[in-house]
Amino acid sequence: MPRRNLSEMPLWEMRLVSITSKWAGWSVTNDKGYVCIRYRVASKPAQQVNLPKLRYREEDEEAAINWTRQLYKVWSGADGERTLKDCLAEVKGSSDVQTQEEEVTWAKIALAMKESKTQFGDKIQQHTWKSNWEPILSEAVRVLGRKNSPADGYELLKAVIKKWQHAPSTQKECGRYLARWMEFAVRRYKVPRSWLITQADRDELIPKRIKRRKKAVLEDNEILAFIAVVQKENPAWANLFRMLTQYGLRPTELQHLSVVKDPVTQEKTFWCSYEKIGGEEETDPRYLRAMYLRNEDDNPVQWPLVAEWEAGTLKLPEGQLNGAACNRHVHRKRKGVPTGPTQKEWIRLVEKYAAKPAPEWLRVYSFRDTFGVRCKREGLDKGAICDAMGHSEAVHDRSYRTITDSIVARAFESSATSIPLE
């Protein structure tokens, strides 16, 4: 590598190489990415050693300077009678610099972030880490391990979001999660502040706020018809959709249910022990409240799900019940074709709502969205609706629909007599 003037070096490198400026014959150089200490004087054998596990980079500057000072102290104390290699062995075994030997990698910082988020403070669930944080941090660690790795936080974000160039919502999450990871790295591991990802960086690299897709809300008769189709094919899955419909559950909450006596009504009801801390939508454990549907005669109807559960006759699908499992079931295909009546009916509904003049997005979570709309339609107070659904009024206003085209149309139905224009 050609010699460079100090003026050509970044500040951290200037500080590092200047540490030996008053030590005759000593110099600090870059040896294939590692910190190398050299001793060169006339009439004496040349010597050099690489500092253990310290890379020639800004992150290791402070540790490299400490090691170099300790090495020179031991060497000068022996009046040049010991080799650099012997002196380094003594420094390596000394307690005051031992803690600097272990190299901190981006992968280790990512693991430390996982521990912090899942075990301390407002900790998140393991599945939340796995589905939200892990894919983004794994891609970041991969990018940082490349030969031409990013040099700062801006370049890191720029490289990582390329993987999700057709998913602007995920790119937005990349900006949020990577910014928090870099803040953690700077605070806990003294990573240089150049790795911080600023709001200006995110605004420049990530697409502006995209228009949210309008969530589809099913009509009561569509839900009843869909469940009837599922019932003929698989009663256990029909029961799952009945639970989502009648109680407005998140699919993952099916794993956290028990039947208890309601202290207010003294009647048996479902208790959901699911708890979500942190993030935009916190959730406390709660009693579930059933909201009926209206049949073709406009009469309220509901299923005896609590009684069936207590009797042990309410069969549900085997395996882990969550959103991913539900999505796999309704979208199951063979050679690109829906496999059964359930899947065909679901695709029909998806296409129906997507084909509206203002397209709507139908998903399994729509059963929960529909629960909230039915509650509103039947005149329930917003506070009661939010309590039953397990979220705040702010979240409800921001993330959930409260009305449908059909409700609006019915509200404006009129028996007024038409009068002539003249």
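Using this note's numbering, the letters of the sequence shown map in sequence onto residues 1146 to 1567. The C-beta atom is built at its ideal place from N, Cα and C for all residues, glycine as well.
Straight-line gap, residue i to residue j (C-alpha atoms, nearest Å)
| i | j | result |
| --- | --- | --- |
| S1339 | G1298 | 6 angstroms |
| N1444 | D1365 | 11 angstroms |
| L1233 | R1185 | 17 angstroms |
| G1535 | R1202 | 49 angstroms |
| Q1243 | P1197 | Confidence in Q1243 is poor, its pLDDT being 42 and thus under 50, which makes the residue's placement unreliable; the coordinate value appears in the next sentence. If I take the Cα positions, the gap works out to 11 angstroms. |
| N1175 | P1280 | 34 angstroms |
| Y1437 | G1481 | 36 angstroms |
| E1538 | T1562 | 41 angstroms |
| P1155 | Y1498 | 58 angstroms |
| K1307 | R1214 | 43 angstroms |
| R1357 | L1525 | 26 angstroms |
| R1200 | S1403 | 56 angstroms |
| R1100 | R1160 | Any property of residue 1100 remains undetermined from this structure, which presents the chain solely from 1146 to 1567. |
| C1471 | P1502 | 28 angstroms |
| W1220 | I1254 | 35 angstroms |
| L1289 | I1210 | 25 angstroms |
| R1477 | I1492 | 10 angstroms |
Exposed unless 16 or more other CB atoms sit within 10 angstroms - verdict on residue i
| i | result |
| --- | --- |
| Q1271 | exposed |
| F1265 | exposed |
| R1107 | Residue 1107 lies beyond the range of the chain shown here (1146 to 1567); nothing can be said about it. |
| D1205 | buried |
| H1311 | exposed |
| N1440 | exposed |
| G1517 | buried |
| S1346 | In the sequence as presented, Ser is not what sits at residue 1346; that position holds Asp. Classification for D1346: buried. |
| S1166 | exposed |
| E1558 | exposed |
| L1363 | buried |
Beta-carbon gap between residue i and residue j smaller than 8 angstroms
| i | j | result |
| --- | --- | --- |
| F1415 | V1375 | no |
| T1484 | V1475 | no |
| L1229 | Q1193 | yes |
| L1301 | L1350 | no |
| C1319 | V1305 | yes |
| E1490 | F1371 | yes |
| N1384 | L1461 | yes |
Per DSSP, cross-strand counterpart(s) of residue i
| i | result |
| --- | --- |
| T1428 | K1421 |
| F1415 | V1404 |
| T1263 | T1263 pairs with nothing; no bridge assigned. |
task: Spell out a yes or no on whether the region 1461-1478 and the region 1390-1406 are touching, meaning 3 or more CB-CB pairs, one atom from each, closer than 8 angstroms.
output: Using a C-beta cut-off of 8 angstroms, the region 1461-1478 makes contact with the region 1390-1406, since at least three inter-stretch Cβ pairs fall below that distance.
- prompt: Are the region 1338-1352 and the region 1321-1328 in contact at 8 angstroms, needing three or more beta carbon pairs?
  reply: Verdict: yes, contact present.
task: State whether the region 1505-1522 contacts the region 1374-1394, with contact taken as three or more CB pairs (one from each stretch) at a distance under 8 angstroms.
output: Yes, the region 1505-1522 is in contact with the region 1374-1394.
field: contact_flag[the region 1255-1264, the region 1275-1291] where n(CB pairs < 8 angstroms) is 3 or more
entry: Yes: at least three Cβ pairs fall under 8 angstroms.
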